[in-house]
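Each remark here refers to the structure printed beneath this line.
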Amino acid sequence: MKRVSLLLSIVAGLLVAGVLASAPSAADPQTTIPLGVTIGGVEVGGLTPEAAATAVQQAFQAPLELELGSTWVLVTPDVLGAVPVIDKAIERALAATPYTPVPLGVAVAGTKTADFVAKLAQRFDRPAVDSKLFLRQLRPWLSKERVGRKLQQRRAVRDITAALVDGVRDAVRLVYVRVRPGVTRRNFGPVIVIRRGSNRLLLYDGMRYRRFFAVATGQSRYPTPLGRFTIVVKWKNPWWYPPDSPWAEGQKPIPPGPDNPLGTRWLGLSAPGVGIHGTPSDASIGYSVSHGCIRMHIPQAEWLFNHVEIGTTVFIVAA
């Protein structure tokens, strides 16, 4: 009798243990996210936290499209310093009611984004190119200027950061500003060409011919130098100082006045001691008789003085 009672007790104990083992525990955590829940636009309903985290991470790592004019650049968020805060989003998703959109927090390292944008600017920016002056067939010729472009870096960092934080993967158009050249064919200004052999001075506005003057140039012993020069000084009513040359031996400085060899205007060139000036000796115009300077009729020298500036290019050629 005792054996039967003991056997029944053992069987009853095993049956109770089996029932308890098969019953769900109220302490078990929820293991899947409610249906219809999204994290940052990614469907995670019904997924375990681990599977949801993987899905959100993969979706977040989709490259961002950056549009730079006609060029497209694809870059992943990690290169831009963006990191999704997935753990907190998963916690909110587990506690959310079905079909609730859960936002995905994103931390962006601004310095990393700015560094990437700076590299883009270094690669794609184009400096403006000014027109350059040359002499072709005895006439001024200007190369074509080129407009540059400069990436608006601060705005680009702002727009890229906004796209990363919002989870947007539409193309982000980065904005350039046009950089205009300072010197163009249109605004170049005056150019002087002096033909020493024919004693002529021609004034151009950039490449456009404007006016011609007869002049006197240097005699064979003191020739007017050939080359490219600039006007470095402009004087009204200049003093004349005798050059250190046998040509002016024994002469003294002459103040402004009707007898001044320089007339009333002096345009000094970058060639030492050489300039364009008026002369009271009108009969010398058209001949090679000066000490190397370029002489003009006084009224014409005054007109030219008013239409050129310091820095004006002067070509002197042998023609």
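Note that the numbering used here gives residue 317 to position 288 of the sequence shown, counting from 1, and the numbers run on in steps of one.
Beta carbons are placed, not taken as given, at the ideal position from N, Cα and C, and that holds for glycine.
Exercise. Between the region 201-213 and the region 175-187, do at least 3 Cβ pairs fall closer than 8 Å?
Worked result: Because the criterion of three Cβ pairs below 8 Å is met, the region 201-213 and the region 175-187 touch.
Problem set entry | Beta-carbon proximity list for serine 249, same chain, < 8 Å, skipping 5 on both sides | Cβ neighbours of serine 249 beyond the five flanking positions: Ser317.
Problem set entry | serine 319 versus aspartate 154 - alpha carbon distance | Their backbone Cα atoms lie some 52 Å apart in a straight line.
For this session: State the beta-bridge partners of threonine 246 as determined by DSSP.
Result: Paired residues: Ser317.
Problem set entry | DSSP beta-bridge partners of leucine 180 | Tyr205.
For this session: Could you check what DSSP says for tryptophan 268 in three-state terms: helix, strand or coil?
Result: Three-state result, tryptophan 268: coil.
For this session: Could you check if proline 106 is buried or exposed, using at least 16 other CB atoms within 10 Å of its CB as the buried criterion?
Result: Result: buried.
For this session: Compare the Cα-Cα distances from proline 92 to each of Ile305, Gly340, Thr83 and Val102 and report the closest residue.
Result: It is Val102 whose Cα lies nearest to the Cα of proline 92.
Problem set entry | Residue nearest to asparagine 289 in terms of C-alpha spacing, selected from Ala300, Gly307 and Glu278 | Measuring from the Cα of asparagine 289, the nearest candidate turns out to be Gly307.
Problem set entry | Helix, strand or coil at arginine 187 [DSSP, three-state] | It is helical.
Exercise. Nearest to isoleucine 68 by CA position, among Leu95, Ala118 and Pro113, is which residue?
Worked result: With distances taken between Cα atoms, isoleucine 68 lies closest to Ala118.
Exercise. Which residue comes first and which comes last in the alpha helix (DSSP H) that contains valine 146?
Worked result: Counting along the chain, the unbroken alpha helix (DSSP H) around valine 146 starts and ends at 139-153.
Problem set entry | valine 337 versus serine 172: straight-line alpha-carbon distance, rounded | Going from the Cα of valine 337 to the Cα of serine 172 covers about 21 Å.
Problem set entry | Best match in Arg229, Gly235, Leu180 and Ile189 for proximity to threonine 367 [C-alpha to C-alpha] | The first residue shown for the chain is 30 and the last is 348, placing residue 367 beyond what the model contains.
Exercise. Looking only at C-alpha atoms, which of Thr126, Val73 and Arg187 sits nearest to aspartate 144?
Worked result: The candidate whose alpha carbon is nearest that of aspartate 144 is Arg187.
Problem set entry | Three-state class that DSSP yields for leucine 109 in the structure shown | If DSSP states are grouped into helix, strand and coil, leucine 109 belongs with the helices.
Exercise. Exposed or buried, tyrosine 233, counting other C-beta atoms within 10 Å across all chains shown (16 or more means buried)?
Worked result: Its Cβ being crowded by 16 or more others within 10 Å, tyrosine 233 is buried.
Exercise. Which of the three DSSP states, helix, strand or coil, is assigned to glutamate 278?
Worked result: It is coil, neither helix nor strand.
For this session: Would you decide whether proline 113 is buried or exposed? Buried here means 16 or more other CB atoms lie within 10 Å of its CB.
Result: By the Cβ-count criterion, proline 113 is buried, with 16 or more other Cβ atoms from all chains shown falling within 10 Å of its own Cβ.
Exercise. Which first and last residues belong to the alpha helix (DSSP H) in which valine 85 is found?
Worked result: That run of the alpha helix (DSSP H) goes 78-89.
Exercise. If you draw a straight line from the alpha carbon of serine 313 to that of lysine 161, how long is it in whole angstroms?
Worked result: Cα to Cα, serine 313 sits roughly 35 Å from lysine 161.
Exercise. Residues in its own chain within less than 7 Å of threonine 61 by CB, not counting five upstream and five downstream?
Worked result: The beta carbon of threonine 61 is closer than 7 Å to those of Gly75, Leu76 and Thr77 in its chain, skipping five residues each way along the sequence.
Problem set entry | phenylalanine 334: first and last residue of the uninterrupted beta strand (DSSP E) it sits in | Unbroken run through phenylalanine 334 is the alpha helix (DSSP H), 327-336; no beta strand (DSSP E).
Problem set entry | Nearest-angstrom Cα separation, counted from cysteine 322 out to arginine 214 | Between arginine 214 and cysteine 322, the alpha-carbon positions lie close to 30 Å from each other.
For this session: Give me the Cα-Cα distance between alanine 300 and glutamine 182, rounded to the nearest whole angstrom.
Result: Looking at the backbone, the Cα of alanine 300 and that of glutamine 182 are separated by about 46 Å.
Exercise. With contact counted as at least three CB pairs below 8 Å, one residue from each stretch, are the region 262-281 and the region 194-205 in contact?
Worked result: The answer is no - the region 194-205 does not touch the region 262-281, with fewer than three Cβ pairs under 8 Å.
Exercise. Skipping 5 residues on each side, what residues in its chain have a beta carbon closer than 6 Å to that of phenylalanine 241?
Worked result: Setting aside the 5 residues that flank it on each side, phenylalanine 241 is surrounded in the same chain by Leu231, each with a C-beta closer than 6 Å to its C-beta; the list follows chain order.
For this session: Measure the Cβ-Cβ separation of glycine 226 and proline 169 and say whether it is below 8 Å.
Result: No, the pair does not count as a contact, with Cβ atoms beyond the cut-off.
Exercise. Going by beta carbon distance, what residues of the same chain come within less than 7 Å of alanine 138, once the five residues before and after it are set aside?
Worked result: Closer than 7 Å at the Cβ level, and outside the excluded window around alanine 138, lie Gly110.
Problem set entry | Supposed close pair arginine 224, valine 346 - CB separation, criterion 8 Å | Yes, arginine 224 and valine 346 are in contact; Cβ-Cβ is about 6 Å, under 8 Å.
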